[in-house]
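Numbering (the UniProt record's numbering), first residue to last: 16 to 390. Even glycine gets a Cβ: it sits at the ideal position worked out from N, Cα and C.
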Amino acid sequence: PHGCTYAQSLESGSKLESPHHHVIKPERNSNTTCSSILDMVGNTPLVLLKNLSQDNGINCNLYAKCEYLNAGGSVKDRIGIRMIEEAERMGKIKPGDYIIEPTSGNTGIGLALTCAVKGYKCIIVMPEKMSKEKNDVLKALGATIVRTPTSAAFDDPDSHISEAQRIKERLNAEKPGSAFILDQYTNAYNPIAHYDGTAEEIVNQLNGKVDLIVSAAGTGGTICGIARKIKERCPNCIVVGVDPVGSLLAMPNSLNNFSGSGFYEVEGIGYDFLPTVLDRKHVDYWYKSVDKESFLMSRQLIKREGILCGGSSGSATYCIIEAIKKFGIKEGQNAVVILPDSIRNYMTKYLSDEWMITRGFMEPTVTEHDPWWTT
Ligand code: PMP
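This is how it looks when you write it as C-alpha cells:
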C-alpha cells in the first residue's frame with residue numbers, strides 16, 4: 016500500500032467519472048503527447064510523507080496532494096481552465112475577449128495560462144501584498160496587472176474586487192460584451208473543479224479509503240468541492256479546514272477573534288468576507304494558522320521531503336499533524352493534505368533566510384565553522 020499511488024494511476028488509465036465531469040483529462044503519461052500544456056493540469060501525484068511522519072510520531076499514512084505540480088504551479092490552474100471552458104460552452108465568451116479577475120495571484124496565473132493558450136486578453140487585479148514572483152509570471156504570460164492596496168476591505172472602492180468591476184464596466188462601455196469577470200468567489204465551477212478533479216483523483220488514488228483530509232481556505236472552492244465528494248464516497252472521513260488568524264472563514268465564529276492588525280504574510284488563504292462558494296456546512300472542523308509555524312513547516316516539507324511548496328502548504332501541513340493526533344488517526348488509515356502552490360511564488364519571501372529573520376520567523380544563524388572538506 017505504501018509508495019506513490021501516482022505510479023499506479025499511470026498504469027490504470029483514466030477512469031474519472033462523476034455527474035459534473037465534462038472533460039476527461041489524459042493521465043500524465045510519458046508515452047503520450049499533449050495537445051497543449053493545459054493537459055498537464057490535474058492528475059497530480061499523492062506522495063507519502065515518510066520522513067515528516069517519523070519526525071512527528073505519526074503512524075498513519077500521511078499523503079500530500081501535490082497541486083504545485085500543475086502546469087501553472089498551483090491548485091488554481093484547475094479552476095482557471097474550468098471556469099473558462101464552462102463559459103465557452105455556455106457561449107458567454109470567445110477568444111479575443113477580456114477575462115478580468117480579482118485574485119491573490121494563483122487564480123490569475125491559472126487564468127492567464129489558459130488565456131495564453133486559447134487567445135484571450137487577461138487582466139489580473141491583485142493586492143500589493145502578493146509576491147513579485149506572481150506578478151512577474153503573470154506579466155510573462157501576457158496578462159495586464161493592476162495592484163490594489165492590501166489594507167482595502169473587500170467592499171472598499173479601492174479593493175481588488177471593486178477595481179476589477181470598474182475595469183470591466185469601462186471596457187464594456189467602449190465595446191459592449193467584450194469583458195468578463197468569471198468570479199471565483201461565486202462561480203460554481205470553482206468548487207466543481209475540485210469535486211470532479213482534485214477529490215475524485217484522491218478517492219481513486221486511495222481506492223476509496225480516506226480517513227482525514229485537510230485543506231486551507233481562500234475562496235473555499237478547494238475545501239468545499241473536496242468535502243462534497245468525500246462525504247459521498249467516504250462518509251466517515253473527517254474534513255478539516257485551515258484559516259489564518261486575522262481572517263473570518265473558520266467556524267465557530269469565536270475562533271476568528273484576534274488582537275492587533277490581523278495582517279498575516281501567508282498568501283492565498285483567508286478573507287475578510289465569506290465567499291459564496293464557501294459553504295461551511297461541509298467542513299467538520301477548523302484550525303486557525305499563524306505565519307511562523309506555517310513557514311517553518313513549509314521549510315520542513317522542503318528539507319525533509321524535497322517538496323518545493325508554498326507557504327499555505329505549511330499552514331495545512333502543520334494543522335494536519337495536529338488533527339491526526341486530535342482525531343486519533345491510526346496506523347493503516349489515510350490522511351491527505353492539499354499542497355496548493357510552489358516555492359516559485361516565494362523565492363524572495365519565505366525561502367530567503369533574511370526575510371524570515373527580519374519578521375522574527377527564524378533566529379539569525381550563528382556562522383558555523385567551515386566543514387572539514389573545504390579547509
Ligand atoms: N493556497 C494558496 C497559495 C492559494 O493561492 C489559494 C487560492 N486563493 C488557496 C491556498 C486556497 O484555495 P481556495 O481559494 O480554493 O480556497
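Any non-hydrogen atom of ligand 1 within 6 Å of residue i CB
i	result
N121	yes
T284	Checking the sequence shown, residue 284 turns out to be Ile, not Thr. Yes, the beta carbon of I284 sits closer than 6 Å to at least one heavy atom of ligand 1.
D151	no
T237	yes
D356	yes
S309	no
T363	no
W325	The amino acid occupying residue 325 in the given sequence is Gly; Trp does not appear at that position. Yes, ligand 1 has a heavy atom inside 6 Å of this Cβ.
T234	yes
A231	yes
Environment of residue i [buried if 16+ CB atoms lie within 10 Å]
i	result
F310	buried
N349	buried
Q315	buried
E378	exposed
H37	Note that H37 scores 44 on pLDDT, short of 50, meaning its location in the model is unreliable; the coordinates nonetheless yield the value given after this. Label assigned to H37: exposed.
Q69	exposed
C81	buried
T122	buried
C239	buried
V218	buried
S274	exposed
D368	exposed
K244	buried
D173	exposed
S276	exposed
S45	exposed
A188	exposed
R104	exposed
L128	buried
residue 450	The first residue shown for the chain is 16 and the last is 390, placing residue 450 beyond what the model contains.
R185	exposed
H384	exposed
T363	exposed
F278	exposed
K149	buried
N76	buried
T389	exposed
A168	exposed
N58	buried
L366	buried
Paired residues, beta bridge with residue i - DSSP
i	result
W301	G256
S230	G256
A350	L77 and L227
L264	Note: L264 sits in no beta bridge, so no partner.
L61	K80
E116	I139
D287	BP columns for D287 are empty, so no partner.
C49	Paired residues: none, contrary to the question.
C239	Its beta-bridge partners do not exist; DSSP assigns none.
D356	S89
C249	Answer is none; C249 lacks a bridge partner.
C324	S357
Contact test: residue i Cβ vs ligand 2 heavy atom, cutoff 6 Å
i	result
Y135	In terms of ligand content, the structure shown lacks ligand 2 and carries ligand 1 instead.
Item to check | Runs of beta strand (DSSP E) wholly within the region 129 to 214 (minimum 3 residues, chain order) | outcome: 136 to 142, 159 to 163 and 194 to 196, all fully within the region 129 to 214.
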